[in-house]
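If you read the sequence shown in this note's numbering, its first letter stands for residue 438, the second for the next number, and so on.
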Amino acid sequence: MNTATRRQFIRRSAALTAGLGVLKAADTNVDLTRLRAGLKGQLIVPGDEAYESAKRVFYWNPRTERHPIAVVRCGAEEDAVRAVAFAREHGLEIAVRSGGHSHLAWGSSDGIVIDLSPLKEITIDPERRLVRAQAGVLGGELARAAGEHGLVPVLGQCPGVGATGVILGGGLGWLSGLFGACCDNLVSARLVNAEAKTVEVNGETDPDLFWALRGAGANFGVTTSFEAQLQTIGPVLGGDLHFAVRDARAVLRGFREILHDAPDGFQATLNLTNGERGLFVSFCHSGPETEAEHLLKQFRSLAPTTKESFSRQTYATLAERAAATNPGSGPAPAFRAIQTVYRERISDDVIEVYVDQLARATPDVVFGLSHYMHGQVCRIAPEATAFPHRQAHSIHLRAAYNWTDPKNNEKRFAWGEEWLRQLRPASNDRLYANYQTYETSAGSPSLFGVNHDRLLALKAKHDPENVFHRNANIAPARV
Ligand SMILES: Cc1cc2nc3c(=O)[nH]c(=O)nc-3n(C[C@H](O)[C@H](O)[C@H](O)COP(=O)(O)OP(=O)(O)OC[C@H]3O[C@@H](n4cnc5c(N)ncnc54)[C@H](O)[C@@H]3O)c2cc1C
438 MNTATRRQFI RRSAALTAGL GVLKAADTNV DLTRLRAGLK GQLIVPGDEA
488 YESAKRVFYW NPRTERHPIA VVRCGAEEDA VRAVAFAREH GLEIAVRSGG
538 HSHLAWGSSD GIVIDLSPLK EITIDPERRL VRAQAGVLGG ELARAAGEHG
588 LVPVLGQCPG VGATGVILGG GLGWLSGLFG ACCDNLVSAR LVNAEAKTVE
638 VNGETDPDLF WALRGAGANF GVTTSFEAQL QTIGPVLGGD LHFAVRDARA
688 VLRGFREILH DAPDGFQATL NLTNGERGLF VSFCHSGPET EAEHLLKQFR
738 SLAPTTKESF SRQTYATLAE RAAATNPGSG PAPAFRAIQT VYRERISDDV
788 IEVYVDQLAR ATPDVVFGLS HYMHGQVCRI APEATAFPHR QAHSIHLRAA
838 YNWTDPKNNE KRFAWGEEWL RQLRPASNDR LYANYQTYET SAGSPSLFGV
888 NHDRLLALKA KHDPENVFHR NANIAPARV
């Protein structure tokens, strides 16, 4: 925290007085009493025991940290309505949080945090293969619930990510080759809009807004629940193939070749670290056994595997596995950060940068290649939904890292920036909303490509004051 912000924070904390009938935030002179009185859930303010954990999200570090005036832990949809109205009335910044996994900690704010994580209701209609889920449901929780009916949701690859967060930004996962992006499976959403009104949005009530929600959704309001299509697949073959780190170059090259011609039912993520997990390819295959055997044979021909841990399992079991970005089994670090880059190809320079950087990286760093784009997600036109980045053979690069000693702050940020400096220039200035780790220039179409202008017009119509801006923001060019 810089000195000015720290000062502000201390002043504000000191002035918050609960239990006297008045709850005031000094800097803003905001009386929170009225907000607290009507809530079904909880209002958490500086000084409360729960505050330190309530303000914090996953990618928390000295650059992303925020100090909310209040966190509204929603007990019902009305709490989100009340919080939006209150924040607007007092000119407070709003952050909306479901799973708290945004790479830039957008789920926290120096104003009001609307935390939907307590809203966990899931209702499944097995006949119509539909789920209605509240905004606090996580990917793993939804996979488990759907699995009880022999169904699967199309979500991301990490159980702790918010189902709502991943869908609103587009969403790529193990099953995207078969069933498209997560947002392609969205059927409707309930929204608290910028006027603090609740609206049900689907292809009939408001086709334009429904289009926008599928990829740029966080820009248009607080989604309190959504309805999504579920799919049917049999057991999948999933797990990890480990290789020696010294074989990184051969495995990276081979990964590119294999994925280039992979069937729709196959997805793999390559992870590289000098830490305890080494080099491993995590995969999920849904399809004939002979196809799986062929894929395994191809991977084994790249270099000797040092360990193989995979099995035939339900999709729900695979969906609940921990994220590949965890470097190992140690205690949680104080600070986490990540950089990501979108590339149209796994070009030779990517492979060389990875091999070179791996040789010098600290053991906490996990490099990765995720979501090789192929199959159904690429057959849908970029302008069919607001999520545009559907080019076949493109890929998302990432480097996740963490540390605990604040003395290392600047060194670690510099390391991340150097990684970005080497890989970003060939990104064609494109960036996936859910993986935004750096600011794009205001008004650039980096995030939404061909959909940028249509989204600008919809943003001007539905949220002209940019009330919802702690997100992959649709921004007009500055004049
Ligand atoms: C470990 C890890 C693994 C990941 N794996 C994948 C993956 O496999 N595929 C993939 O596509 N992405 C993946 N992501 C990225 C992830 O999809 C995004 O970070 C996503 O936005 C997180 O959603 P959340 O609800 O967890 O996060 P939050 O931080 O709560 O929210 C993220 C953004 O969405 C907005 N938002 C959240 N909930 C709502 C809501 N109810 N209404 C309106 N706006 C809302 C927030 O304001 C914020 O801007 C991963 C991220 C991490 C950290």
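Glycine included, every Cβ here is placed at the ideal spot set by N, Cα and C.
Under 8 Å: does the beta carbon of residue i sit that close to some heavy atom of ligand 1?
i: residue 721; result: no
i: residue 599; result: yes
i: residue 612; result: no
i: residue 903; result: no
i: residue 826; result: no
i: residue 919; result: Here the chain has residues from 438 to 916 only, and residue 919 is not among them.
i: residue 603; result: yes
i: residue 775; result: yes
i: residue 478; result: no
i: residue 630; result: no
i: residue 594; result: yes
i: residue 496; result: yes
i: residue 884; result: no
i: residue 539; result: yes
i: residue 660; result: yes
i: residue 553; result: yes
i: residue 863; result: no
i: residue 839; result: no
i: residue 875; result: no
i: residue 488; result: no
i: residue 712; result: no
i: residue 871; result: yes
i: residue 708; result: no
i: residue 808; result: yes
Using 8 Å for Cβ pairs, my map puts residue i next to residue j. What's the rounded Cβ distance?
i: residue 660; j: residue 626; result: 5 Å
i: residue 747; j: residue 614; result: Actually they are not in contact, since the Cβ atoms of residue 747 and residue 614 sit about 18 Å apart, beyond 8 Å.
i: residue 541; j: residue 873; result: 6 Å
i: residue 607; j: residue 870; result: 6 Å
i: residue 708; j: residue 803; result: 6 Å
Taking all protein chains shown into account, do 16 or more other C-beta atoms lie within 10 angstroms of the C-beta of residue i, making it buried, or fewer, making it exposed?
i: residue 512; result: exposed
i: residue 516; result: buried
i: residue 510; result: buried
i: residue 833; result: buried
i: residue 734; result: exposed
i: residue 851; result: exposed
i: residue 887; result: exposed
i: residue 451; result: Reliability of the predicted coordinates at residue 451 is poor, the pLDDT of 33 falling under 50, and the value obtained from them is presented with this limitation in mind. By the 10 Å Cβ count, residue 451 comes out exposed.
i: residue 539; result: buried
i: residue 867; result: buried
i: residue 514; result: buried
i: residue 896; result: buried
Using beta-carbon positions only, say whether residue i and residue j come within less than 9 Å of one another.
i: residue 719; j: residue 684; result: no
i: residue 711; j: residue 800; result: yes
i: residue 566; j: residue 706; result: no
i: residue 639; j: residue 900; result: no
i: residue 649; j: residue 891; result: yes
i: residue 604; j: residue 689; result: no
i: residue 629; j: residue 665; result: no
i: residue 598; j: residue 612; result: no
i: residue 835; j: residue 880; result: no
Exercise for review: Write down every uninterrupted run of the beta strand (DSSP E) in the segment 500-540 whose length is 3 residues or greater and which is fully enclosed by it, in chain order.
Suggested key: 507-510 and 531-534
Review point. Can you list, in chain order, the stretches of the beta strand (DSSP E) that have 3 or more residues and sit fully within the segment 474-501?
Key: 479-481
Exercise for review: Note down, one range per segment and in chain order, each alpha helix (DSSP H) of at least 4 residues found wholly within the segment 800-862.
Suggested key: 813-816 and 846-860
Review point. Can you list the beta strand (DSSP E) stretches of 3 or more residues lying completely in the segment 657-740, in chain order?
Key: 659-666, 673-680, 703-709 and 716-722
Practice item. Run through the segment 565-615 for me and flag every whole alpha helix (DSSP H) of 4 or more residues, listed as ranges in chain order. Key: 576-584 and 600-605
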